[in-house]
Amino acid sequence: MRFPLIALACAPCFALPALAAEEEAQTLTVYTYDSFVSEWGPGPAVEEAFEAVCACDLNFVGVGDGAALLARVRLEGERTRADVVLGLDTNLTAEAAATGLFAQHEVLDVAWDLPVVWEDDMFVPYDWGYFAFVHEAAFDPPGDFRDLASSDASILIQDPRSSTPGLGLLLWVEAAYGEAAPEIWAELADNVVTVTKGWSEAYGLFLDGEADMVLSYTTSPAYHLIAEGDDSKRAAPFAEGHYMQIEVAGAVASSPNLPLAQSFLRFLATDPVQSVLPTTNWMYPAVTPEGGLPEGFETLIAPERALLYPAGQVPEIKAQALDTWLGALSR
Numbered sequence: 001m002r003f004p005l006i007a008l009a010c011a012p013c014f015a016l017p018a019l020a021a022e023e024e025a026q027t028l029t030v031y032t033y034d035s036f037v038s039e040w041g042p043g044p045a046v047e048e049a050f051e052a053v054c055a056c057d058l059n060f061v062g063v064g065d066g067a068a069l070l071a072r073v074r075l076e077g078e079r080t081r082a083d084v085v086l087g088l089d090t091n092l093t094a095e096a097a098a099t100g101l102f103a104q105h106e107v108l109d110v111a112w113d114l115p116v117v118w119e120d121d122m123f124v125p126y127d128w129g130y131f132a133f134v135h136e137a138a139f140d141p142p143g144d145f146r147d148l149a150s151s152d153a154s155i156l157i158q159d160p161r162s163s164t165p166g167l168g169l170l171l172w173v174e175a176a177y178g179e180a181a182p183e184i185w186a187e188l189a190d191n192v193v194t195v196t197k198g199w200s201e202a203y204g205l206f207l208d209g210e211a212d213m214v215l216s217y218t219t220s221p222a223y224h225l226i227a228e229g230d231d232s233k234r235a236a237p238f239a240e241g242h243y244m245q246i247e248v249a250g251a252v253a254s255s256p257n258l259p260l261a262q263s264f265l266r267f268l269a270t271d272p273v274q275s276v277l278p279t280t281n282w283m284y285p286a287v288t289p290e291g292g293l294p295e296g297f298e299t300l301i302a303p304e305r306a307l308l309y310p311a312g313q314v315p316e317i318k319a320q321a322l323d324t325w326l327g328a329l330s331r
C-alpha cells in the first residue's frame with residue numbers, strides 16, 4: 001500500500017521559560033547520534049536557531065548511532081546528563097518507555113505530515129524515511145531480497161544492536177518474509193562484506209568502493225544530487241516493500257531543566273528545524289516546511305508498500321529476529 005505525503009498547514013507555537021536578567025543561562029544537553037551533530041548535519045543550524053530564542057546554551061552530545069543512545073541512557077539511568085534524547089525511532093520507543101526514564105511530552109497541537117497517525121504521548125517525531133539499499137547508477141540491482149541473496153552483489157550493513165538502520169533491516173526482512181526470514185538471512189550471509197557499528201561507517205566504506213550496495217535510505221541519493229551535483233547514486237526499489245523509520249526525541253523525566261526540554265521538543269516541530277532537515281539529515285520532515293520539499297526530492301523512489309510494526313510489538317519480534325541474524329552471520 002502506498003502512503004502519499006499530505007501537506008498540512010501548521011504553525012506550532014511554543015512558550016519558552018523566562019530567565020531573569022541576572023540568572024545564568026541554562027544549558028540544555030541533548031544526546032543524539034554522531035551524524036546529527038557533524039558539521040554537515042542539522043545540529044549546527046538547530047543549535048543556532050534554538051539559542052536565538054531560548055536564552056540558553058544548547059549542548060549536543062554525539063553518542064554513536066541511534067540504538068547506542070538508548071543503551072547509554074539506560075546505563076546512566078537517572079544520573080544521566082541528558083535533558084533530551086534525540087535519535088531514537090519507533091523500533092526503540094517501547095523499550096525506551098519501559099525504562100521509566102522519559103517524561104510525557106507537551107507537543108499537542110501539531111498537524112504531523114507522517115504516513116501514519118501519531119499517537120505517542122512520550123516521544124515527538126521530527127523526521128522519517130524508508131530504508132533502502134543504495135548503489136551506483138551503473139549497477140543493476142536486485143529487485144527483492146531473494147534476488148539479492150541469489151546474486152553475487154556485495155552489501156554493507158549495520159549492527160542492529162548499535163544502529164537503528166541495522167535494526168530496521170532486521171524488521172524489514174521479518175515483516176516481508178515472516179517465518180521464511182531465517183531462510184533469507186541464511187542465503188544473504190554470503191553477500192555481506194562487513195557489519196559496521198553505525199550508518200556513517202558503512203556509508204563511508206560504500207563511497208570508497210568497498211561494496212556494490214549499502215543499507216541506507218531512499219532519500220540518500222538526494223544528498224549526492226543536491227549537495228554535490230552528483231546523479232550517480234540510486235536507491236533500489238524492492239518488490240516486498242520498504243520498512244519505514246520515524247525518528248523521535250524525548251525529554252528525560254529526571255532532568256532539572258524539564259520545562260526547557262519540553263520547549264525544545266516543541267521547537268523541533270517548527271519551521272526553523274523542519275526546513276533544514278531535508279538537506280542536512282536527508283530525511284522527510286515530520287511537518288512539511290513552509291517552502292515545501294527541496295528540488296530533487298521528486299526524483300526519489302516512492303515505495304509501493306510501506307512496512308512498519310507497531311512500536312509495542314517490536315521488542316518481542318526484535319529478540320527473535322536478532323537471534324536469527326546472529327545465527328546466520330556466525331556460520
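Numbering (the numbering used here), first residue to last: 1 to 331.
Beta carbons: idealized from backbone N, C-alpha and C, even for Gly.
Just so you know, these numbers come straight off a predicted model, no measurement behind them.
In this structure, Met-213 is the residue among Glu-290, Arg-161, Met-213, Ala-269 with its C-alpha nearest to the C-alpha of Ala-138. Relative to the Cα of Leu-207, the nearest Cα in the group Ser-232, Lys-197, Tyr-309 belongs to Ser-232.
When the five nearest sequence neighbours on each side are left out, the beta carbons in the same chain lying within less than 6 angstroms of the beta carbon of Ser-255 are those of Asp-83, Ala-261, in order along the chain. By the neighbour-count definition (other C-beta atoms within 10 Å, threshold 16), Gly-77 is an exposed residue. Collapsing the DSSP output to three states places Ile-301 in coil. Sixteen is the threshold: when 16 or more other Cβ atoms of the shown chains lie within 10 Å of the Cβ of Pro-303, as they do, the residue is buried. Exposed is the label assigned to Glu-136, since fewer than 16 other Cβ atoms lie within 10 Å of its Cβ. Secondary structure of Thr-90 (DSSP, three-state): coil.
Residue pairing by DSSP places His-105 in no beta bridge whatsoever. Taking C-beta atoms under 8 angstroms as the contact rule, Val-287 and Asp-113 qualify, at a distance of about 5 angstroms.
For the 8 angstroms CB-CB criterion, Ser-163 and Gly-198 form a contact. Pairing Tyr-243 with Phe-123 gives a Cβ-Cβ distance that is not under 8 angstroms.
Taking 8 angstroms as the cut-off, the Cβ atoms of Leu-307 and Ala-180 do not count as close. Excluding five sequence positions before and after His-105, the CB atoms of its chain that fall closer than 6 angstroms to its own CB belong to Val-124, Leu-265, given in chain order.
Under DSSP, Thr-27 shares a beta bridge with Asp-57.
For Pro-259, the three-state secondary structure derived from DSSP is helix. By the neighbour-count criterion, in which 16 or more other beta carbons inside 10 Å mark a residue as buried, Ala-236 falls on the buried side. When the five nearest sequence neighbours on each side are left out, the beta carbons in the same chain lying within less than 8 angstroms of the beta carbon of Glu-295 are those of Ile-226, in order along the chain.
Distance from the CA atom of Leu-156 to the CA atom of Ser-330, rounded to whole angstroms, is 16 angstroms.
Listed in chain order, the alpha helix (DSSP H) runs fully inside the segment 107-187 are 145-150, 164-177, counting runs of at least 4 residues. By the neighbour-count definition (other C-beta atoms within 10 Å, threshold 16), Val-134 is a buried residue. CA-to-CA, the gap between Ala-149 and Ala-328 works out to about 13 angstroms. Exposed is the label assigned to Glu-119, since fewer than 16 other Cβ atoms lie within 10 Å of its Cβ. Here Leu-300 has Thr-218, Thr-219, Pro-221, Ala-222, Ala-235 as same chain residues with Cβ atoms under 8 angstroms from its own Cβ, once five neighbours each way along the sequence are excluded. Cα atoms of Thr-270 and Ser-263: separation of roughly 11 angstroms, rounded to the nearest angstrom.
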